Amino acid sequence: MANHRTTQPLRDLETAAGNGLLHRRAFLTGGAAFAAAVTGYTLSDTAAAQQLSDAPWSKVRGAAIQEYGTPSSFEKQVMRTLSNPRGEPRTQHGRTPHHLLNGTFTPNGLHFVISHSGNPDIDPNQHRLVIHGMVRRPLVFTLDALGRYPMVSRMAFVECGGNSAPLFSNQPVQADVQAIHGLVSCAEWTGVMLSTLLDEAGLDPKATWLIAEGADSLALSRSIPITKALDDAMIALYQNGERLMPGNGYPMRLLLPGWEGNMQVKWLRRIKLVDAPAMSFYEARTYAPILPDGKAYQFYFLQEVKSFITHPSPGLKLSGPGLYEISGVAYSANGRIARVMVTADGGRSWAQAALQEPVQAKAFTRFRVPWRWDGGPVTLQSRAWDEGGNVQPTRAEIVARRGQTKAPVTNPAAFTSQHYNGPTSWGVEANGEVKHVYA
Amino acid sequence: MSTRKSVRRCGGAAVRRCVFTVAVVVFGSSLVMAQGLGTPITEAEIAAWDISVMPDGRGLPAGSGTPEQGSKVFAAKCALCHGPEAKGGTNAALVGGAPLTNGIDTPKTIANFWPYATTLFDFTRRAMPWQQPRTLSDDEVYAVTAYILALNKIIGPNDMMNAQTLPKVRMPNRDGFVVRFPERMP
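As given, the protein sequences belong to chains A and B, one line each in that order. Per our numbering, residue 6 is the first one in the first sequence, and the count goes up by one each step. Per our numbering, residue 729 is the first one in the second sequence, and the count goes up by one each step.
#1: Would you mind listing the beta strand (DSSP E) stretches within the region 203–261 of chain A that are 3+ residues and don't spill past its ends, in chain order?
#2: Just to confirm the assignment, what range does the beta strand (DSSP E) spanning C809/B have?
#3: Return the residues of the region 299–321 of chain A that lie within a Cβ-Cβ distance of less than 7 Å from chain B, sorted by chain order.
#4: In the DSSP assignment, find the beta strand (DSSP E) that holds E868/B and state where it starts and stops.
#5: According to DSSP, simplified to helix, strand and coil, what is T749/B?
#6: Can you find a C-beta in chain B that's less than 9 Å from the C-beta of Q176/A?
#7: Using a threshold of 9 Å, state whether the C-beta atoms of I314/A and S387/A are closer than that.
#8: Consult DSSP for P177/A and reduce its assignment to one of helix, strand or coil.
#9: I'd like the ranges of any alpha helix (DSSP H) spanning at least 4 consecutive residues and lying wholly in the region 108–172 of chain A.
#10: Could you check whether P382/A and V433/A sit closer than 9 Å to each other, using their CB atoms as the reference points?
#11: Grab me the residues of G817/B's own chain with a C-beta within less than 6 Å of its C-beta, minus the 5 sequence neighbours each way, in chain order.
#12: Could you name the residues that DSSP lists as bridge partners for N886/B?
#13: Alpha carbon to alpha carbon, what distance is there between H132/A and R862/B?
#14: Is the beta carbon of R275/A closer than 9 Å to that of E218/A?
#15: Can you tell which of V140/A, H98/A, P76/A and I136/A has the C-alpha that lies nearest to the C-alpha of S122/A?
#16: Between the Cα of Q244/A and the Cα atoms of L202/A, T195/A, R341/A and A281/A, which residue gives the shortest distance?
#17: Which residues does DSSP list as the beta-bridge partners of Q303/A?
#18: Shorter than 9 Å from the beta carbon of E771/B to some beta carbon of chain A?
#19: From the DSSP output, which residues share a beta bridge with R457/A?
#20: Apply the 10 Å Cβ neighbour rule to Q423/A and answer buried if 16 or more other Cβ atoms are within range, or exposed otherwise.
#21: By the criterion of Cβ-Cβ separation under 7 Å, what are the contact partners of K836/B in chain A?
#22: Can you check DSSP and say which residues form a bridge with G340/A?
#23: At what residues does the beta strand (DSSP E) containing D391/A begin and finish?
#24: Is it buried or exposed, W62/A, if we count other Cβ atoms within 10 angstroms and call 16 or more buried?
#25: Any beta carbon of chain B sitting closer than 9 Å to that of H137/A?
#26: Just reading off the alpha helix (DSSP H) that Q183/A is part of, what are its end residues?
#27: Which partner residues of S200/A appear in the DSSP bridge assignment?
#28: State whether the region 773–785 of chain B contacts the region 828–836 of chain B, with contact taken as three or more CB pairs (one from each stretch) at a distance under 8 Å.
#29: Let's see if you can read the secondary structure: which residues bound the alpha helix (DSSP H) around F32/A?
#30: Run the CB neighbour count on T34/A, radius 10 Å, all protein chains shown included, and call it buried at 16 or more, exposed below.
#31: Okay, do the region 835–846 of chain B and the region 408–425 of chain A touch, 3+ Cβ pairs below 8 Å being the bar?
#32: Starting from T20/A, follow the beta strand (DSSP E) in both directions and report where the run begins and ends.
#33: Within the continuous beta strand (DSSP E) that includes L278/A, where are the two ends?
#34: Where do the N-terminal and C-terminal ends of the alpha helix (DSSP H) with R854/B fall, by residue?
#35: When you check each C-beta in the region 338–355 of chain A against every C-beta of chain B, which residues fall closer than 7 Å?
#36: Taking only three categories from DSSP, how would you classify K81/A?
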């Protein structure tokens, strides 16, 4: 196959770790020869080279442009997976297809969504945001009023506290990266800093928490420490440049960069300043993971440092021995990603990944490692460090501290626990297929 | 100078100056009351939205209900999803629960997990019934809360729940929690 040609200079690429992991310098020094030699991952087997000729679409006038663009008709498989497609009276989840995306931000139509009672159809002109409680002057804001404040834009990942829950199974769940890690996404958010509005309302110094509440039918509410509210909390009005998607909180949501997704209340309509947490349903019950001794963690707040490999991953087949680019995403609530290491031999040796610049705090960082696959079975895994010195625990460390299920999990959409930030391992088999394994 | 006036002044060509004023105040002294674009509103005007209930009972409304009253409300408005006598249906059982030491994936229930009884009132009032949230009267919410607590033998079969009694209910798993990051707590 044409993909598997190897040119002379590439024989000398510096090896960084076992089973063919190459030094990240290869991206710079290999140049076009490296690019030409890299093998792509395929959803199905690629066709052999053939005599070129004009394709039918090159000989007719093309389609009219759309008022709001949609992806090519050949990209129909790039979709979220839905846990409750008919909107039955229970929570709905839409998971991001990380293995079919690249780069660092998630397109709005593919951003993960969890709606506990469906997405409300909010008229932005009638929506109101109230700030009250322990303030000198309760205030109400229209969307139009919020739009006149000084705006801030920032990249931020949003992750459900239950993302990666299948990894608490005592046996590896046979599922792809979308099923396992599809409840995290990353976008550029634009809006008004919450501290600006709290300052205007006149914060009572004795206020230590706020209760945020949505305009959905659940009136979902969460308690948030005032320290986070005054640090980097935002009332987000725009998502990747356009108004928020309905599933992500249109017309406004609370953005708490790096913190548990459920706390970043969507369809935000009310902020009440208080002096204690409300112990709402979702903080008192749902996002409080049970520990092996029968106690439970409370007020977890942070989405700790995590990484996972998206390319290759289950569903993306390797089409034969040769050069590949391993890539994935890393992120942390504790700031910028400092380092990502990748192993191809189940953890015996590690190569440092190249990090895509700019590396931004509390946002996806794309990492990449060049790799020469010799066609044998290998086990891939990534491990990330953040600038605070936090590192992803090993799976053994997570199991020791947090436990695992006693029986294998059969439903990848089940939430056996929350806040897993250990590694994910992919087993590449000799036929090029990728399976979820533990290593 | 009222904020209503300043909102009106912020129309048209004055927008830029108005935003500038906000920015100066934000980055200036925090002792000065910021002059912004929020419209003053009274707590009385917010009352219909202010449904937050605190664990110590603050926010609980007037009204009351008993387990017996609650059993009728439950049968009519809750059993469709939660099953007869709250034993579970298309949605979760609200009675019973295994010990949490059974495993990290033990189903969390009111009896084995919830630390505060006020959460039951708050969530029922704000979110239930699923298809018709915020249609129960406060008396009905107290009654359903009393019924579920009595089914779980957390209160007696004749105990009335109201703003004084509900916060005093001691939930079985009240002390079953560990704060994950104490340094992040206010």
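Positions of the beta carbon are idealized from the N, C-alpha and C atoms, including for glycine. Keep in mind that this is a model prediction, so the values were computed, not measured.
Answer, in terms of the structure:
#1: Runs found: 214–219, 226–230, 239–244 and 258–260.
#2: Sequence index remark: in the second sequence, residue 809/B carries index 81 (1-based). From DSSP, C809/B is part of no beta strand (DSSP E) but of the alpha helix (DSSP H) over A807 to H810.
#3: For chain B, the residues of the region 299–321 of chain A that bring a beta carbon within less than 7 Å of one of its beta carbons are G299, K300, A301, Y302, Q303, F304, Y305, F306 and L307, in chain order.
#4: Residue mapping note: residue 868/B aligns to position 140 of the second sequence, counting from 1. According to the DSSP assignment, E868/B belongs to no beta strand (DSSP E) but to the alpha helix (DSSP H) extending over D866 to L879.
#5: Here residue 749/B corresponds to residue number 21 of the second sequence, with the count starting at 1. For T749/B, the pLDDT reaches just 44, beneath the cut-off of 50, and the residue's location in the model is therefore unreliable, although a value from the coordinates is still provided. Helix.
#6: Taking the first residue of the first sequence as position 1, residue 176/A is located at position 171. Against chain B, the CB of Q176/A has no partner CB under 9 Å away; the residue lies outside that interface.
#7: Working through the first sequence from its first residue, we reach residue 314/A at position 309. Working through the first sequence from its first residue, we reach residue 387/A at position 382. Yes, the Cβ-Cβ distance between I314/A and S387/A is below 9 Å.
#8: As a first step, residue 177/A must be located in the first sequence, where it is residue number 172. P177/A carries a coil assignment under DSSP once its states are collapsed to helix, strand and coil.
#9: You should have 148–151.
#10: Locating residue 433/A in the first sequence gives position 428, where the first residue counts as 1. Locating residue 382/A in the first sequence gives position 377, where the first residue counts as 1. For V433/A and P382/A, yes; Cβs fall inside 9 Å.
#11: Translated into the one-based positions of the second sequence, residue 817/B becomes position 89. The residues C809, H810 and G811, in chain order, have a CB closer than 6 Å to that of G817/B in the same chain once the five nearest residues on each side in sequence are set aside.
#12: Here residue 886/B refers to the residue found at position 158 of the second sequence. Per DSSP, N886/B has no beta bridge partner at all.
#13: Translated into positions along the second sequence, residue 862/B becomes position 134. Translated into positions along the first sequence, residue 132/A becomes position 127. Rounded to the nearest angstrom, the two C-alpha atoms are 19 Å apart.
#14: If you number the first sequence from 1, residue 218/A lands on position 213. If you number the first sequence from 1, residue 275/A lands on position 270. Annotated as proximal: E218/A and R275/A, with beta-carbon spacing under 9 Å.
#15: As a working note, residue 122/A is residue 117 in the first sequence. Sorting V140/A, H98/A, P76/A and I136/A by C-alpha distance to the C-alpha of S122/A places H98/A at the top.
#16: Along the first sequence, one-based indexing puts residue 244/A at 239. Nearest C-alpha to Q244/A among L202/A, T195/A, R341/A and A281/A: T195/A.
#17: Numbered from 1 along the first sequence, position 298 holds the residue referred to as residue 303/A. Paired residue(s): V907/B.
#18: In the second sequence, the residue the question calls residue 771/B occupies position 43. E771/B has a beta carbon lying within less than 9 Å of a beta carbon in chain A.
#19: Examination of residue 457/A is not possible in this model, given that chain A is present from 6 through 444 alone.
#20: Position 418 of the first sequence, counted from the first residue, corresponds to residue 423/A. Looking at its Cβ environment, which holds 16 or more other Cβ atoms inside 10 Å, Q423/A is buried.
#21: The residue labelled residue 836/B in the question sits at position 108 within the second sequence. What K836/B touches in chain A: R290.
#22: Here residue 340/A is taken as the residue at index 335 of the first sequence, counted from 1. None; G340/A has no bridge partner.
#23: Here residue 391/A corresponds to residue number 386 of the first sequence, with the count starting at 1. Note, D391/A: beta strand (DSSP E), V383 to D391.
#24: Here residue 62/A corresponds to residue number 57 of the first sequence, with the count starting at 1. Counting every other CB atom within 10 Å of its CB across the protein chains shown gives W62/A a total below 16, marking it as exposed.
#25: One-based indexing of the first sequence puts residue 137/A at position 132. True, the Cβ-Cβ gap to chain B drops below 9 Å.
#26: The count along the first sequence starts at 1 and reaches residue 183/A at position 178. From DSSP, the alpha helix (DSSP H) with Q183/A extends over V182 to H186.
#27: Taking the first residue of the first sequence as position 1, residue 200/A is located at position 195. As DSSP reads the structure, S200/A sits in no beta bridge.
#28: With the rule of 3 Cβ pairs closer than 8 Å, the region 773–785 of chain B does not count as touching the region 828–836 of chain B.
#29: Sequence index remark: in the first sequence, residue 32/A carries index 27 (1-based). Residues A31 to T34.
#30: What you label residue 34/A is simply residue 29 of the first sequence in a count that begins at 1. Residue burial annotation: T34/A is exposed, with fewer than 16 other C-beta atoms found within 10 angstroms of its C-beta.
#31: These segments do not touch.
#32: Start at 1 with the first residue of the first sequence, and residue 20/A comes out as number 15. Looking at the DSSP string, the run of the beta strand (DSSP E) that includes T20/A is T20 to A22.
#33: In the first sequence, the residue the question calls residue 278/A occupies position 273. First-last of the beta strand (DSSP E) with L278/A: L273 to V279.
#34: Stepping through the second sequence from its first residue, residue 854/B is reached at position 126. A845 to A855 is the extent of the alpha helix (DSSP H) around R854/B.
#35: Here the close residues number zero.
#36: Mapped onto the first sequence, residue 81/A falls at position 76. Three-state result, K81/A: coil.
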